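The listed protein sequences derive, respectively, from chains Y and F. Residue numbers for the first sequence follow my numbering, beginning at 686 and rising by one. Residue numbers for the second sequence follow my numbering, beginning at 686 and rising by one. Glycine included, each C-beta is placed from N, C-alpha and C at the ideal position. Note that this is a predicted model, so its numbers are computed, not measured. Everything on this sheet refers to the single structure shown next.
Protein chains: 2
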Amino acid sequence: MTQPDMPTPPWERPPKRRAPARVPLTRERIVDAAFTVLDREGYDRLSMRQVAAELGVAVSALYVHVRDKDELLQLMYTRMFEGYEVPEPDPERWREQVKDFARQARERLLSRRDLAKLAMGHVPFTPELLPYVERLMAVLGAAGMPRRVLAVSGDMLSTYINGFALEESLWQQRYRETDTSWHKLREEVNEYFASLPPDRFPNLVALSDIMMDESNDYRFELGLEIILRGLASYVGEPDPDEEHEES
Amino acid sequence: MTQPDMPTPPWERPPKRRAPARVPLTRERIVDAAFTVLDREGYDRLSMRQVAAELGVAVSALYVHVRDKDELLQLMYTRMFEGYEVPEPDPERWREQVKDFARQARERLLSRRDLAKLAMGHVPFTPELLPYVERLMAVLGAAGMPRRVLAVSGDMLSTYINGFALEESLWQQRYRETDTSWHKLREEVNEYFASLPPDRFPNLVALSDIMMDESNDYRFELGLEIILRGLASYVGEPDPDEEHEES
DNA sequence: TTGGGAACTGAACAGTGTTCATAGTAAAGT
DNA sequence: ACTTTACTATGAACACTGTTCAGTTCCCAA
């Protein structure tokens, strides 16, 4: 074995990698690195090679631990949920509880770059994520929602949250690329709406001042409230059947 | 110049392309071809080269008419809306009108492969699409919706429709890849939910029979009705302010 | 010490978006 | 009629992408 602290003789080429602590590659570390790349490069530039480079490792090494890029994305997706808090259901406060959940989810989706893009196109039906779905169902179920409404509401909420966050991040991307501020972009868009011919676009012109808000919080909250009012209207009702009554 | 009907002598190499009717390349034709490729190959395999091949043309030729792949996708997105029908607003029938619009949109998103994927990640704010947004606003506005609700509802509806259709197409993709039928996949998923430990997942187990329906129509309609009830609850109310009252 | 098996490498393959000097074509100017 | 001009289309190239695979390297059990 190589004596410690001895200069290696020139004819004996040094070992390619010195012994010290080669941290073994694991799925966890790969996902970590992938998130680092995502933060730095964005979703579109997140590539296996970049992840490998981040770890100082050959690309093909990744494929020992991960079948696909798809699988890696899936792992990132489930990682995203770690530490989510869905409260113990309380029938009195279900609306506030659902809202807290939604706010938490949106906040998380916007906490790192392009997380919304990552989330879009994945269904939260992997074993690790089912507890969260279950808890959300529990909160809504405790409120006294009919079965069929319950079965649909989780999907609805997550669709709304994801969709909203995705749209936010699309605007973010746009003003990142154009190198303008959100404030300026918002102003431009609203001015554009205001400048439309009022005879052909009366509604858009009339609403041009509030189509985009300085902060999106209000729009998010209002949308949420709309869904919640809709859900609340079913509390205590029997399961709706195939026919949907008009008006 | 070359005499007509004369055999070209061997030393004079024939003109690279004979005169006849070279159909000029246009944005329209490129978009057409792109849709053909999309139908055949799916969104992930839709590439500039495939589109070029479809047209029998070099890749770089596309870039004369189209700045980017992004721009091409944008063009496809706006093309998707052609022939949409948003009705003349009728305050008496606004719910049915909105539903018709939503059904029409979903139908269209599912009419061709991966259209939902294409739609996701685009905001319908290009000049060509504004008429549709305006009309939808008109229908909702005629119902007597407060301004701020109006400003948010178009977004909400399109988010819901897109999100729902995207999820549908994700399942479609999954059973296309696994080579099973939708019926079988649905059964497997529901059985999976049913097989969960009932103590930890009481709600999911209880709902396992209706988490996925044989057809998604019912779930779509119910979600739509929930949003509409939420919207309807605002009719006649003044603009909601920043505070959202609980319960 | 000697396997054996897993982890990792490097090179390769087929494909991607995009650019650019060049060749061809058709209309406009002289 | 001939040249100039503007523009479209070409083919090759660049710098990437995901994925595979024959080898090497490494560590641990026998």
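Using a Cβ cut-off of 9 Å (strictly closer), state whether residue i contacts chain Y.
i	result
Arg914 (chain F)	yes
Glu910 (chain F)	yes
His929 (chain F)	Its pLDDT being 47, under 50, His929 (chain F) is placed unreliably by the model, and the measurement read from it follows with that caveat. Yes, contact with chain Y.
Tyr919 (chain F)	yes
Lys754 (chain F)	no
Gly848 (chain F)	yes
Ala891 (chain F)	yes
Met805 (chain F)	yes
Arg904 (chain F)	yes
Do residue i and residue j have their C-beta atoms closer together than 9 Å?
i	j	result
Val874 (chain Y)	Phe766 (chain F)	no
Tyr845 (chain F)	Gly806 (chain F)	no
Leu870 (chain Y)	Trp856 (chain Y)	yes
Gln858 (chain F)	Asp785 (chain F)	no
Ala850 (chain F)	Leu913 (chain F)	no
Leu825 (chain F)	Ala787 (chain F)	no
Glu899 (chain Y)	Pro925 (chain F)	no
Met822 (chain Y)	Leu815 (chain F)	no
Leu747 (chain F)	Gly915 (chain Y)	no
Arg780 (chain Y)	Ala828 (chain Y)	yes
Arg764 (chain F)	Val716 (chain F)	yes
Val920 (chain F)	Met830 (chain F)	yes
Arg820 (chain Y)	Pro774 (chain Y)	yes
Leu723 (chain Y)	Arg797 (chain Y)	yes
Check whether chain F comes within 9 Å of residue i, counting only Cβ atoms and requiring the distance to be less than that.
i	result
Ala706 (chain Y)	Residue placement at Ala706 (chain Y) is flagged as unreliable, the pLDDT there being 42, under the threshold of 50; the coordinate-derived value follows with that caveat. Ala706 (chain Y) does not count as touching chain F.
Trp867 (chain Y)	no
Leu731 (chain Y)	no
Arg718 (chain Y)	What sits at residue 718 (chain Y) in the sequence shown is Ala, not Arg. Not an interface residue.
Ile895 (chain Y)	yes
Tyr860 (chain Y)	no
Thr863 (chain Y)	no
Which of the three DSSP states, helix, strand or coil, is assigned to residue i?
i	result
Met765 (chain Y)	coil
His807 (chain Y)	coil
Gly839 (chain F)	helix
Glu781 (chain F)	helix
Ala823 (chain Y)	helix
Phe786 (chain Y)	helix
Ala706 (chain F)	Model confidence at Ala706 (chain F) stands at a pLDDT of 42, short of 50, so the residue's coordinates are unreliable; what they give is reported in the following sentence. In this structure, Ala706 (chain F) counts as coil in the three-state DSSP scheme.
Met733 (chain Y)	helix
Asp717 (chain F)	helix
Pro816 (chain Y)	helix
Gly915 (chain F)	helix
Asn847 (chain F)	helix
Phe905 (chain Y)	helix
Pro776 (chain Y)	helix
Pro883 (chain F)	coil
Leu892 (chain F)	coil
Asp753 (chain F)	coil
Ser866 (chain F)	coil
Glu770 (chain Y)	coil
Between the region 808–839 of chain Y and chain F, which residues of the former have CB atoms less than 8 Å from a CB of the latter, in chain order? Val808, Phe810, Leu815, Pro816, Val818, Glu819, Met822, Ala823, Gly826, Arg832, Arg833, Val834, Leu835, Ala836, Val837, Ser838
Members of the region 869–888 of chain F that neighbour chain Y once the beta carbon cut-off is set at 8 Å: Val874, Leu881, Arg885, Phe886, Pro887, Asn888
Would you list, in chain order, the members of the region 760–794 of chain F that have their beta-carbon closer than 7 Å to a beta-carbon of chain Y? Arg780, Glu781
So if I threshold CB-CB distances at 7 Å, which residues from the region 723–751 of chain F count as touching chain Y? none
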